[in-house]
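Residue numbering for the sequence shown follows my numbering, beginning at 9 and increasing consecutively.
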Amino acid sequence: MKETVAEVTEMQGLLDTAYARSTQHLRNIIKDQRRLDAEELVRVLTGMCTLNLATVTARGEPRISAVDGHFLHARWVFTTSGSAAKARQLRKRPAASLSYVDGERIGVFSHGDVEFLTPEHPDFAEIEEHLTNHYGSSPSSWGDDIVYCRLQPHWMVGYAFDKAAVLKD
């Protein structure tokens, strides 16, 4: 858990606003007793999470792919090849959706804009260190054109069917 108190507070505001703006259908599924708050999400979103990343083509067609996601400082980060279709799409159209779903156990859904992080970015070194510690090598060493991405969410909800069981783990 690398989140600061300010980051958790900001994320809680985002979660509350997103839930309040959600449809009745979503609120019927993600009832109060199933909602995960910011502190709970930070506790359970550790390690690598396989994310479903949705991007949009130039013709407005949706595309979905999987990425290794890491939840750091209340934001999803991931890497990919700069030549991957998703990277090309995100460079031109940064709006994206990410979901992490583990059966009925947990679901986290986020919409926002993806930013590309270069080595000059102030957060890059910490992200690089985290990923290197996780994988045993730097993602930058995996190819000539590895890009680091982070979703800046403007909407996010977290869900657990059996919240007590998820938080007990």
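Glycine is no exception: its CB is placed at the ideal position from the N, C-alpha and C atoms.
Excluding sequence positions up to five away, which residues of its chain have a Cβ less than 8 Å from the Cβ of residue i?
i, result
"D45", "Q20, L23, G166"
"K94", "L61, T63, R71, S73, V75, T88"
"L53", "F79, Y108, V116"
"G111", "none"
Measuring CB to CB, does residue i end up less than 8 Å from residue j?
i, j, result
"A82", "E18", "yes"
"I147", "L139", "Note that residue 147 corresponds to Pro in the displayed sequence, not to Ile. Taking 8 Å as the Cβ cut-off, P147 and L139 qualify as a contacting pair."
"L106", "G77", "yes"
"P1", "H119", "As shown, the chain starts at 9 and ends at 177. That puts residue 1 outside it, with no answer to give."
"E47", "V16", "yes"
"S91", "D170", "no"
"V155", "F132", "no"
Can you name, in chain order, every residue of its own chain whose Cβ lies under 7 Å from the Cβ of residue i, other than the five neighbours on each side?
i, result
"E11", "V50, H81, A82"
"I135", "L80, V85, L125, Y156"
Report, in whole angstroms, the separation of the C-beta atoms of residue i and residue j, which I expect to be a contact under 8 Å.
i, j, result
"R113", "V174", "6 Å"
"W163", "A26", "4 Å"
In this structure, what does DSSP give as the bridge partners for residue i?
i, result
"R71", "T63"
"G77", "C57"
"A104", "G120"
"D110", "I114"
"F86", "C157"
Residues in the same chain with beta-carbon distance under 6 Å from residue i, minus the five sequence neighbours each way, listed in chain order, please.
i, result
"S43", "Here residue 43 turns out to be Arg, not Ser, going by the sequence shown. Here the set comprises nothing."
"C57", "G77, Y108"
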